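Peer 1:
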Amino acid sequence: MKRLLALGAVVLTTAAMAWAGSDNPPKADGAPKPVITKAVKGEQCVEDTDYMRRNHMKVLDGHRDKTVIEGIRTKKYSLKECINCHASETTGSVAAAKDDFCVSCHSYAAVKIDCFDCHSTKPQGSIAMHSLNAETAHYKHKLAAQATSKVSVEEMAGVAQ
Amino acid sequence: MSKLKPMSDQVPASPERRRFVGAATATAAGLTIAPGVMLYQVAHGRPEEQAASSAVRWGMLVDATKCATGCDDCVTACSTENGWTPVAESKHPKQAPQWIRKLELQDPLTQMETNLPMMCQHCAEPPCVDVCPTGASFKRADGIVLVNRHTCIGCRYCMMACPYKARSLVHEDLDDTQKPDVPRGIGCVESCTLCVQKIDRGDGNTACAEACTAAGHNALLFGDMNDPESEISKRLRELPTKQVRADLNLNLGVRYHGI
């Protein structure tokens, strides 16, 4: 019995060593680290990076109440200004793709962002690129009414198919 | 102070500078701030770090005698400025937001037709604020009645309390179609904001009133009702005006002439 136990211990130790030394060690770090892209515009954030990483939610929270309730629209700590600088060059947004500035860290930290249920994720001006853009949406029916090109029977058949 | 010292041609007028100049000369109707750059209608431009003041009460005068049949330029301008989908294009017209809507009324006895836009009346004593359980519905110092979407829970008591059917709820996800200046979203109540983003920018006018003037009707006049020298105060002194449901004693910010 004693021999059997000793053998078992040896087998277990060997297995553990083999596992630790294999080419695919277990991920001690967990989820992949967030991708932090440098801001497109601007040289320096309104505060140090370390401060902003820990406290951006607090300063945004304070600023939003001042803006909504008192109408103070200073640029420092304004979410709009964050978006202006940090929108991705590829998506034009801070939260459209998984590597975009806000989403990248928030998905790593598993913290849900509510901001973009209501706030645009894109800087001013770029929204014109969006297909559902309300800026032109109300003109669509007018344009459709003005369209004079006649649709042929073949095209209609093609659409139906 | 009607003219400022011209700046050099090489230095473009920055927005900050424009804002500062606007604030410094709040009553000037039009002035030169740089060669070739004119600043018009700087009514109550305030510095961006200054809170909205109760010295001002923003309001609107609707002249129903000038409001044209079949014209909905004010509605279109509002939806463009604030990014809401017009009822005609909505997948769910009964739920569609209506920050402003055009009414065409007819007297059944005389067949007289009246046109008017209806929107949030920006009451001095707003019933929506009285009933809000979270304090999300509030009146800003300058008289604009707003919804703080950060605290709105979408219970819609305010929609029921409003005598003017001015509010609507966003039922569906807007999928990032909002304007950067006008956050709005699912589960929150919303209504006319008197283009608060434009006021804070110092534009001194709303999108609907601008559109009405551009169309040549001049039926909408926006301004400060507390300032006796403002255009709206002068017109309110001269014209007979009414408040809709005046019996409720809400002291409305929107007054109608010709109804």
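Chains A and B are the protein sequences, given in the same order.
For reference, each letter of the first sequence is one residue, going 1 to 161 in the numbering used here.
For reference, each letter of the second sequence is one residue, going 1001 to 1259 in the numbering used here.
Every residue gets a Cβ at the ideal spot worked out from N, C-alpha and C, and that includes glycine.
The structure presented is a predicted model; accordingly, all values stated were derived computationally and were not measured.
Under three-state DSSP, which class holds B:Glu1229?
Peer 2: In the structure shown, B:Glu1229 sits in coil (DSSP, three-state: anything other than H, G, I, E or B).
Peer 1: Would you say B:Pro1183 faces chain A, with C-beta separation under 8 angstroms as the test?
Peer 2: At least one chain A Cβ lies under 8 angstroms of B:Pro1183.
Peer 1: Give me the Cα-Cα distance between B:Arg1167 and A:Lys76, rounded to the nearest whole angstrom.
Peer 2: One C-alpha to the other measures close to 32 angstroms.
Peer 1: Where A:Ser104 and B:Trp1099 are concerned, what is the direct C-alpha to C-alpha distance, given to the nearest angstrom?
Peer 2: Their backbone Cα atoms lie some 36 angstroms apart in a straight line.
Peer 1: Closer than 7 angstroms between beta carbons: that is the criterion. Which residues of the region 94 to 106 of chain A meet it against chain B?
Peer 2: Flagged: no residues at all.
Peer 1: Mind listing which residues of the region 1151 to 1177 of chain B have their C-beta closer than 7 angstroms to chain A's C-betas, in chain order?
Peer 2: Flagged, chain order: Asp1175, Asp1176, Thr1177.
Peer 1: Please check if any C-beta of chain B sits within less than 8 angstroms of the C-beta of A:Glu43.
Peer 2: No, its Cβ sits nowhere closer than 8 angstroms to a Cβ of chain B.
Peer 1: Short of 7 angstroms Cβ to Cβ, which residues in the region 59 to 79 of chain A face chain B?
Peer 2: The region 59 to 79 of chain A vs chain B, Cβ under 7 angstroms: Arg64, Val68, Ile69, Glu70, Gly71, Ile72, Arg73, Thr74.
Peer 1: Please report the distance separating the alpha-carbon of A:His86 from that of A:Met52.
Peer 2: Those two C-alpha atoms are separated by around 13 angstroms.
Peer 1: Is the shortest distance between the beta-carbon of A:Thr90 and the beta-carbons of chain B less than 8 angstroms?
Peer 2: Answer no: the Cβ-Cβ gap between A:Thr90 and chain B never drops below 8 angstroms.
Peer 1: Buried or exposed: B:Gln1050, going by 16 or more other Cβ atoms within 10 Å of its Cβ?
Peer 2: It is exposed - the Cβ of B:Gln1050 has fewer than 16 other Cβ atoms within 10 Å.
Peer 1: Assign A:Ser131 to one of three DSSP states: helix, strand, or coil.
Peer 2: Any reading at A:Ser131 is ruled out, since the residue's pLDDT is 39, under 50, leaving its predicted position unreliable.
Peer 1: Counting only runs of 4+ residues fully inside the region 77 to 126 of chain A, write out the alpha helix (DSSP H) ranges in chain order.
Peer 2: Taking only runs of at least 4 residues, the alpha helix (DSSP H) segments lying wholly in the region 77 to 126 of chain A are 79 to 86, 101 to 109, 115 to 118.
Peer 1: Determine the direct distance from the alpha carbon of B:Gly1083 to that of B:Asp1176, and round the result to whole angstroms.
Peer 2: Straight-line Cα distance between these residues: approximately 11 angstroms.
Peer 1: With distances taken Cα to Cα, identify the nearest neighbour of B:Met1225 among B:Pro1093, B:Pro1047, B:Val1056.
Peer 2: Here the closest residue by C-alpha is B:Val1056.
Peer 1: Which same chain residues, not among the five before or five after A:Thr67, have their C-beta less than 6 angstroms away from its C-beta?
Peer 2: Arg73.
Peer 1: Please confirm if B:Arg1057 has its CB atom under 8 angstroms from at least one CB of chain A.
Peer 2: Output row for B:Arg1057: interface = no.
Peer 1: Can we say the region 1208 to 1220 of chain B touches the region 1067 to 1078 of chain B, given the rule of at least three CB pairs closer than 8 angstroms?
Peer 2: Output reads yes: the region 1067 to 1078 of chain B touches the region 1208 to 1220 of chain B.
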